[in-house]
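In what follows, a single structure is set out as structure tokens and then discussed.
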Amino acid sequence: LLMYAVLVLLFRSFAFPVTIMASLPLAVGGALAALMIGQSSFSISSLIGVLMLMGIAAKNSILLVDYIVMSEKAGMSRLEAIIDAAHKRARPILMTTFAMGAGMLPVAIGWGADVEFRQPMAIAVVGGLISSTFLSLLFIPPIFTIVDDIAQWIGRRFGGGFAARRNEQPATEPAPAAGSDL
Numbered sequence: 004l005l006m007y008a009v010l011v012l013l014f015r016s017f018a019f020p021v022t023i024m025a026s027l028p029l030a031v032g033g034a035l036a037a038l039m040i041g042q043s044s045f046s047i048s049s050l051i052g053v054l055m056l057m058g059i060a061a062k063n064s065i066l067l068v069d070y071i072v073m074s075e076k077a078g079m080s081r082l083e084a085i086i087d088a089a090h091k092r093a094r095p096i097l098m099t100t101f102a103m104g105a106g107m108l109p110v111a112i113g114w115g116a117d118v119e120f121r122q123p124m125a126i127a128v129v130g131g132l133i134s135s136t137f138l139s140l141l142f143i144p145p146i147f148t149i150v151d152d153i154a155q156w157i158g159r160r161f162g163g164g165f166a167a168r169r170n171e172q173p174a175t176e177p178a179p180a181a182g183s184d185l
């Protein structure tokens, strides 16, 4: 709930944070599946891993949604902006995923000290990273489209404010200051 409130303030929209929050179940599902496959228990350390994972999954979605919004403000159509965002943001998202996965993999396979406590955390993070990264790149763009369509419909139906259009220009030019020679 706090994450949603911060995202509403960041995007000045109630709709775009819904798209970002849609990535969280993709991450948590992957973490739980990895814990089951690895026959690891759900403990405090795996909960810490899930919380870390939720932050990374939200960051990946923010990268996509923010780039889409900025591209639309620059004049791109929504479809062009989505394709461009998926293309240009995939590399930073994959780099983050591989770096985090490489850091957690030794712990996940049982190398190092105090493995009994840290291994469930690492398994949750690695499993969730794999699922959330690829599923987010696949599902966040269509979810963005659906949520944006719904937000536009609500805005037209009930009088705007739900999701401000990103590529609208002001209706009129500002008037020159009094006493100016313009």
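The working numbering numbers the first residue of the sequence shown as 4 and each following residue consecutively.
Using N, Cα and C, we set each Cβ at its ideal position, and we do this for glycine too.
*Please go through the region 56-104 and give each complete beta strand (DSSP E) segment of 3 or more residues, from N-terminal end onward.*
Qualifying beta strand (DSSP E) stretches: none in this window.
*asked:* Please list the terminal residues of the continuous alpha helix (DSSP H) segment that includes residue 4.
replied: Numbered from 1 along the sequence shown, position 1 holds the residue referred to as residue 4. Note, residue 4: premise wrong, no alpha helix (DSSP H); not H, not E.
*residue 95 classed as buried or exposed, judged by whether at least 16 other C-beta atoms fall within 10 angstroms*: The residue given as residue 95 occupies position 92 in the sequence shown. By the 10 Å Cβ count, residue 95 comes out exposed.
*Would you kindly check if the distance between the Cβ of residue 132 and the Cβ of residue 51 is under 8 Å?*
In the sequence shown, the residue the question calls residue 51 occupies position 48. In the sequence shown, the residue the question calls residue 132 occupies position 129. It is not a contact, given that the beta carbons lie outside the stated cut-off.
*asked:* I'd like the span of the alpha helix (DSSP H) that includes residue 152, first residue to last.
replied: Counting from one through the sequence shown, the residue named residue 152 turns up at place 149. Annotation for residue 152: the continuous alpha helix (DSSP H) segment containing it runs 118-161.
*Using 8 Å as the threshold, is the region 9-27 in touch with the region 76-93, meaning 3 or more CB pairs across them?*
Contact fails: fewer than three Cβ-Cβ distances are below 8 Å.
*How close, in whole Å, do the beta carbons of residue 128 and residue 56 come, if the pair is a contact with beta carbons under 8 Å?*
Here residue 128 refers to the residue found at position 125 of the sequence shown. Here residue 56 refers to the residue found at position 53 of the sequence shown. For a cut-off of 8 Å, the C-beta gap from residue 128 to residue 56 is around 5 Å, short enough to register as a contact.
_Can you tell me where the alpha helix (DSSP H) holding residue 40 begins and where it ends?_
Walking along the sequence shown from the start, residue 40 turns up at place 37. Run containing residue 40: 26-40, per the alpha helix (DSSP H) assignment.
*Does the Cβ of residue 98 have 16 or more other Cβ atoms within 10 Å, making it buried, or fewer, making it exposed?*
Counting from 1 along the sequence shown, the entry for residue 98 is found at position 95. It is exposed - the Cβ of residue 98 has fewer than 16 other Cβ atoms within 10 Å.
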